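Numbering (the numbering used here), first residue to last: 55 to 453.
Since the structure comes first, as structure tokens, the remarks are kept for the end.
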Amino acid sequence: MNSPRKTVIRPESIGKLNKSLVLKQIRLHGPISRAEIARKTGLSKPSVSRSINILLRENLILREGTPEVHEKIGRKPEMLRFNNRAAFFISIDIGGTKITFGIGDLSGEILKEYQIENPHSWDEIVKLIFIETKKLLKSTKISYGDLKGVAVAAQGVVKIDEGTVTSAPNIMGPREYPLRDKLKEYLQTVPLWIENDVNLSAIGEFWRMQEKYKNIVYISIGTVIGGAIIINGKLFRGKNYYAGEIGWFIPNRGYLFKELGEFGCLERLATGPALIEKTRRIIQKGYYKDDFLISNNSITPRKIFNAYKKGSVIAKQVVKEWIENLGITICNISSLLNPELVILEGGLTRSGDFFLKDLRRIVQWGCQVPPEIKISTLQHRAPLYGGLKLCIDNFLKEI
């Protein structure tokens, strides 16, 4: 009879675990003394001291001030704090028209950010990222050696294990582009992560809300519609990374077996281009005289929403239909996933919250347990924060 195999824990593994426990306490509670760390972790004082000495050598923690000797109370205990500037990370969002670059540190704050035009070609985007990464480091006086990670948010389906992007709208190149491998040619040894832009946006919102909600659906509505799902605090990607493709919902039987191309059924009803097209069709029919939307030239979603607020008959018809389609979508999602919170983001949510009252009324009517509905507080910065979170988590995991 075979005896059960014993699990052998190596001393170096114990040391790494102890170091991780000590660092976590300093991050959460610093400035903190060695004695307090020992009390909170349950580690012996020698184990705490060994971990602290290693963390000091690695520049991950700093001594807070200088211990002072007092006649009556003796030596003031040495206080330790986390060094937020021990590592820096670049977060990049490849948007529909612009690419946003941001650099942050271990505190989770973005120190500098800016946007440039998207060249709409994968090979050109890769070259641009390399050039702008060097510029960003130079302008912030951060050395290449202190750059410990780069996260890139991309539209389309991102296979995170392979680092490829599939079906990215409005970008020239192969249907499945090996973005991580191409960037590695330039970035070389710097750790690199590629993730879907809406997934990173959801992670960013979840993080900045201090993880108050555990079950969230994030919906981005602009030129396309994307979604991200967080269940029990974890991002849900699905078998083939296609979870969250809300733009491909089928609203009714009328869409069955229609030729779809690059855009899903819901994207043909509830995106910015869909609102513009609907408005133009109504104007061309000439059924209504509308002083707010006189011409079908240069119509934008913002103009439609502004006309709606001013009482435009045409805009009211278009926006009412948009709100109803969005409300039905949220009801169906809620019936399936039962989220606590639905976050709305994207170009169509940046004209104010004027539509929320009617949207919530539909969701209250159509859901057994209606979720909260909020507009993103981070807006276009959400994927930057999500990328920063991704970098920080992976960096700390390796310590």
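The beta-carbon is built from N, C-alpha and C at its ideal position, and this holds for glycine as well.
Remember, it's a predicted structure, so these values are computed and weren't measured experimentally.
Beta strand (DSSP E) segment containing residue i, residue limits
| i | result |
| --- | --- |
| TYR168 | 164 to 171 |
| ASN250 | 246 to 250 |
| LEU110 | That residue, LEU110, is in no beta strand (DSSP E); its alpha helix (DSSP H) goes 99 to 111. |
| LYS288 | 288 to 290 |
| ARG135 | 133 to 136 |
| ARG117 | 115 to 118 |
Cβ-based burial, residue i [other Cβ within 10 Å; buried from 16]
| i | result |
| --- | --- |
| LYS192 | exposed |
| THR151 | exposed |
| ASP447 | exposed |
| PHE408 | exposed |
| GLY96 | exposed |
| VAL180 | buried |
| ASP345 | exposed |
| ARG307 | exposed |
| THR431 | exposed |
| HIS124 | Annotation note: pLDDT 46 at HIS124 (below 50); position unreliable, no value reported. |
| PRO121 | Reliability fails at PRO121, whose pLDDT of 48 lies under 50, so the model's placement of it is uncertain and the value that follows must be treated cautiously. With fewer than 16 other Cβ atoms within 10 Å, it is exposed. |
| GLN338 | exposed |
| SER98 | exposed |
| TYR362 | buried |
| SER197 | exposed |
| TRP454 | Because the chain here runs from 55 to 453, residue 454 falls outside it and cannot be looked at. |
| THR456 | Any question about residue 456 goes unanswered here, given that the chain covers just 55 to 453. |
| LEU250 | The sequence as given places Asn at residue 250; Leu does not occur at that position. Counting Cβ neighbours within 10 Å, ASN250 comes out buried, since at least 16 surround it. |
| ALA89 | exposed |
| SER105 | buried |
| ILE397 | buried |
Beta-ladder partner(s) of residue i, from DSSP
| i | result |
| --- | --- |
| ASP200 | Per DSSP, none; premise fails for ASP200. |
| VAL219 | VAL212 and TYR231 |
| SER175 | MET226 |
| LYS156 | In the sequence as presented, Lys is not what sits at residue 156; that position holds Gly. For GLY156, which the question treats as bridged, DSSP gives the partners SER145 and GLU167. |
| GLY281 | ILE273 |
| GLU186 | For GLU186, which the question treats as bridged, DSSP gives no partner whatsoever. |
| SER87 | MET133 |
| VAL206 | ILE146 and ILE248 |
Where the alpha helix (DSSP H) containing residue i begins and where it ends
| i | result |
| --- | --- |
| LYS236 | 233 to 241 |
| TYR439 | 436 to 451 |
| GLU265 | Element bounds for GLU265: n/a, residue is neither H nor E. |
Beta-carbon separation (whole angstroms), residue i vs residue j, contact threshold 8 Å
| i | j | result |
| --- | --- | --- |
| ILE427 | LEU402 | Actually they do not touch by this definition, with Cβ atoms about 14 Å apart. |
| ILE115 | VAL102 | Contact flag wrong, Cβ pair sits at about 12 Å. |
| ILE284 | ASN294 | So it is not a contact: roughly 19 Å between Cβ atoms. |
| VAL372 | THR325 | About 12 Å; that fails the 8 Å criterion. |
| LEU182 | ILE153 | 7 Å |
| THR383 | ILE300 | 7 Å |
| ARG335 | ALA328 | Rounded, the Cβ-Cβ distance is 11 Å, inconsistent with contact. |
| GLY440 | GLY258 | 3 Å |
| THR12 | TYR231 | In the structure displayed, the chain extends from 55 to 453; residue 12 sits before or after that span and is not available. |
| PRO424 | SER389 | With 8 Å as the limit, PRO424 and SER389 do not qualify as a contact, their Cβ atoms being about 11 Å apart. |
| ILE148 | GLY156 | No, ILE148 and GLY156 are not in contact; Cβ-Cβ is about 13 Å, not under 8 Å. |
| ILE248 | ILE273 | Not confirmed; about 22 Å, so no contact. |
| GLU112 | PRO85 | No, GLU112 and PRO85 are not in contact; Cβ-Cβ is about 18 Å, not under 8 Å. |
| SER175 | GLY227 | 6 Å |
| LEU347 | ILE368 | 5 Å |
| GLN433 | ARG404 | 6 Å |
| VAL271 | PRO393 | 5 Å |
| ALA207 | LEU237 | Their Cβ separation, rounded to whole angstroms, is 13 Å, which puts ALA207 and LEU237 out of contact at 8 Å. |
| LEU289 | TRP302 | At roughly 19 Å, the Cβ-Cβ gap does not stay under 8 Å, so LEU289 and TRP302 are not in contact. |
| PHE143 | GLY203 | 5 Å |
| GLY281 | GLU265 | Incorrect: roughly 20 Å between the Cβ atoms, too far for contact. |
| ASN138 | LEU109 | No, ASN138 and LEU109 are not in contact; Cβ-Cβ is about 14 Å, not under 8 Å. |
TODO: Let me know the alpha helix (DSSP H) ranges lying completely inside the segment 300 to 358, each 4 residues or longer, listed in chain order.
DONE: 321 to 324 and 326 to 339
Open item on the list: Threshold first: 4 residues or longer. Then list the alpha helix (DSSP H) segments lying entirely within the segment 359 to 431, N to C.
Closed with: 367 to 391 and 410 to 420
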